[in-house]
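According to my numbering, the residues represented by the sequence shown are 78 to 434, in order.
We put the beta carbon where it would ideally sit given N, CA and C, even for glycine.
Fair warning: this is a prediction, and the values are worked out from it, not measured in the lab.
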Amino acid sequence: MTNSIDRTPPVFDGHNDLLSVLYRKDTKLEKTIKIIDFETGLDGHLDQEKIKAGGFGGGFFAIWVPSPIDRENRRKQMQRASYDLPLPAEIKQNDAINDTIGQAAILHRLKKERLLEICTNRSAIHDCFRNNQIAAVMHLEGAEAIDPDFYNLEILYEVGLRSLGPVWSRSNRFGHGVPFRYPSNGDIGPGLSEDGVRLIQYCNTKGILIDLSHLNEAGFWDVAKHSWKPLVATHSNAYSVSPHSRNLTDRQLAAIAETQGVVGVNFAVAFLRPDGQANENTALGVILQHLDHLIEHLGEDGVALGSDFDGTTVPKDIKDASGLPKLRQAMRDHGYKQDLIEKICNKNWLRVLELTW
Ligand code: ZN
């Protein structure tokens, strides 16, 4: 039974793709999605009603430049016993700028309509929790739009950007993402470029969080070497539970733990399931398996959530943001104490954001 207690603590979440849903210029869609649809209802994981029902307090809102990929075909291939999907082609900076500015503008339109706040400090996020407002951190997933002089990054910072993943599952001037490959570790390809190393240093100086999710392993170790902030993976899981290229080995987890960093558990069934399959018939128990493993390796202060809502296939039992009370209940049933549940739901993200900003 869902009761009011299940909606707290609010979930502050490491990753969602709502902005690219609201922005999508997909010709296959029958109608254009507008901001107002966020209020009146959307088919995906996030809209105002689902957010209220689930006690979703906000999180990282990703700006993501789409690759021309057939999602349905990708999902089908990822239901095989093993798979190795090629990396999508690189995207030129000029081609990435419009999509990036467009999604940043949509976040600002949502703010203008008082549907959320764009937060750049911890107390603003707390204010949102108190006022039942959605707290959004502007995040860039793949830095294709950023020039080597970081002019564009400086402007994005000024409009609220405080988190950045150098790559999505693609290569760019800064580094290389992992392909969707199972079974496989993330040790695929070379590390960061010289521009990539400078990007890490720039982000450190500005107080922009660097996200390790999607980076290949060599890139991960380059960030670990050059960054002096806590290491963070906003939406990745444990390789020991699911040997997927997108997940983190115990050695990587040890490096994150050393810096008092955080990993947000991704609800993507393909990265959760030991068999790597994109099958929505996935019990919530497997999320607990990843949480247990991450707690063992990162400690109770290093584990959070990174749903990937609106960007992936999630377990049928969660369905969308309105299913979050089931996850809180599953954590309670699993024996997690209230203090730990609060850390997983939001406190650990807030701690690491404050340290980084
Ligand atoms: Zn992602």
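For residue 216, the nearest candidate out of 190, 245 and 204 (CA to CA): Within the sequence shown, residue 216 is the residue found at index 139, counting from 1. With distances taken between Cα atoms, residue 216 lies closest to 245.
Where residue 431 falls, given that 16 or more other Cβ within 10 Å makes a residue buried: The residue labelled residue 431 in the question sits at position 354 within the sequence shown. Its Cβ having fewer than 16 others within 10 Å, residue 431 is exposed.
Beta carbon of residue 379 nearer than 7 angstroms to that of residue 339: Taking the sequence shown and counting its residues from 1, one reaches residue 379 at position 302. Taking the sequence shown and counting its residues from 1, one reaches residue 339 at position 262. Cβ distance < 7 angstroms, so residue 379 and residue 339 count as in contact.
Bridge-paired residues (DSSP) for residue 137: Here residue 137 corresponds to residue number 60 of the sequence shown, with the count starting at 1. According to DSSP, which records beta bridges pairwise, residue 137 is partnered with 214.
Cβ of residue 389 within 7 angstroms of any chain B Cβ: Among the chains of the structure shown, chain B does not appear; only one protein chain is present.
Reference residue 263; option with closest CA among 274, 269, 242 and 295: Within the sequence shown, the letter at position 186 stands for residue 263. Comparing Cα positions, the closest option is 295.
Residue 157, buried or exposed, once every other Cβ within 10 Å from all chains shown has been counted against 16: By one-based count along the sequence shown, residue 157 stands at place 80. That one is exposed.
Exposure label - residue 191; buried when at least 16 CB within 10 Å: Position 114 of the sequence shown, counting from 1, holds the residue named residue 191. Classification for residue 191: exposed.
Exposure of residue 87, with buried meaning 16 or more beta-carbon neighbours within 10 Å: For the purposes of this step, residue 87 is taken as the residue at position 10 of the sequence shown. Its Cβ being crowded by 16 or more others within 10 Å, residue 87 is buried.
Beta-carbon proximity check, residue 401 vs residue 91, cutoff 7 angstroms: For the purposes of this step, residue 401 is identified with residue 324 of the sequence shown, where counting begins at 1. For the purposes of this step, residue 91 is identified with residue 14 of the sequence shown, where counting begins at 1. The answer is no: Cβ separation not under 7 angstroms.
At least three beta-carbon pairs within less than 8 angstroms, the region 141-155 to the region 410-418: no
Three CB pairs or more closer than 8 angstroms across the region 177-184 and the region 196-208: no
Nearest residue (CA-CA) to residue 161, options 371, 365 and 256: The count along the sequence shown starts at 1 and reaches residue 161 at position 84. For residue 161, the nearest C-alpha among the options comes from 256.
At least 3 beta-carbon pairs within less than 8 angstroms: the region 93-103 vs the region 356-373: no
Pairwise C-alpha distance: residue 395 and residue 361: On the sequence shown, residue 361 is found 284 positions in, with the first residue counted as 1. On the sequence shown, residue 395 is found 318 positions in, with the first residue counted as 1. Near 8 angstroms, if we compare the C-alpha coordinates of residue 395 and residue 361.
Endpoints, beta strand (DSSP E) assigned at residue 331: Indexing the sequence shown from 1 puts residue 331 at position 254. Element bounds for residue 331: not the beta strand (DSSP E) but the alpha helix (DSSP H), 327-335.
Pair within 7 angstroms by beta-carbon distance, residue 292 and residue 336: For the purposes of this step, residue 292 is identified with residue 215 of the sequence shown, where counting begins at 1. For the purposes of this step, residue 336 is identified with residue 259 of the sequence shown, where counting begins at 1. Contact: no.
Beta bridge counterpart(s) of residue 89 as assigned by DSSP: Your numbering for residue 89 matches position 12 in the sequence shown. The partner list for residue 89 (beta bridge, DSSP) reads 135.
Start and end residues, beta strand (DSSP E) containing residue 239: As a first step, residue 239 must be located in the sequence shown, where it is residue number 162. 238-242 is the extent of the beta strand (DSSP E) around residue 239.
Residue 203 - DSSP class collapsed to helix/strand/coil: Translated into positions along the sequence shown, residue 203 becomes position 126. Helix, per DSSP.
Check whether residue 212 and residue 251 have beta carbons under 7 angstroms apart: Counted from its first residue, the sequence shown places residue 212 at position 135. Counted from its first residue, the sequence shown places residue 251 at position 174. It is not a contact, given that the beta carbons lie outside the stated cut-off.
CB-CB length for residue 312 against residue 343, believed under 8 angstroms: Taking the sequence shown and counting its residues from 1, one reaches residue 312 at position 235. Taking the sequence shown and counting its residues from 1, one reaches residue 343 at position 266. Going by Cβ atoms, the distance from residue 312 to residue 343 rounds to 4 angstroms, so yes, they are a contact pair.
Residue 158 - containing alpha helix (DSSP H), residue span: Translated into positions along the sequence shown, residue 158 becomes position 81. Residue 158 -> no alpha helix (DSSP H), and no H or E assigned at all.
Three-state secondary structure assigned by DSSP to residue 104: As a first step, residue 104 is located in the sequence shown; it is residue number 27 there, counting from the start. Any reading at residue 104 must be qualified, since the residue scores a pLDDT of 45, below 50, and its modelled position is unreliable; no value is offered.
Whole-angstrom distance between residue 283 and residue 433, CA atom to CA atom: To locate residue 433, count along the sequence shown from 1; it is residue 356. To locate residue 283, count along the sequence shown from 1; it is residue 206. One C-alpha to the other measures close to 9 angstroms.
When 167, 260 and 305 are compared against residue 317, the one with the closest alpha-carbon: Here the question's residue 317 lines up with position 240 in the sequence shown. Considering only alpha carbons, the answer is 260.
Exposure of residue 228, with buried meaning 16 or more beta-carbon neighbours within 10 Å: To locate residue 228, count along the sequence shown from 1; it is residue 151. Exposed, because fewer than 16 other Cβ atoms sit within 10 Å of the Cβ of residue 228.
Residue 110 to residue 353 span [Cα, whole Å]: Looking up residue 110 in the sequence shown gives position 33. Looking up residue 353 in the sequence shown gives position 276. Between residue 110 and residue 353, the C-alpha separation is close to 32 angstroms.
3-residue-minimum beta strand (DSSP E) runs that sit fully inside the region 360-416, ordered along the chain: 380-382
8 angstroms Cβ shell around residue 26 - same chain, five flanking residues per side excluded: The requested residue 26 does not occur in the structure, where the chain is confined to residues 78 to 434.
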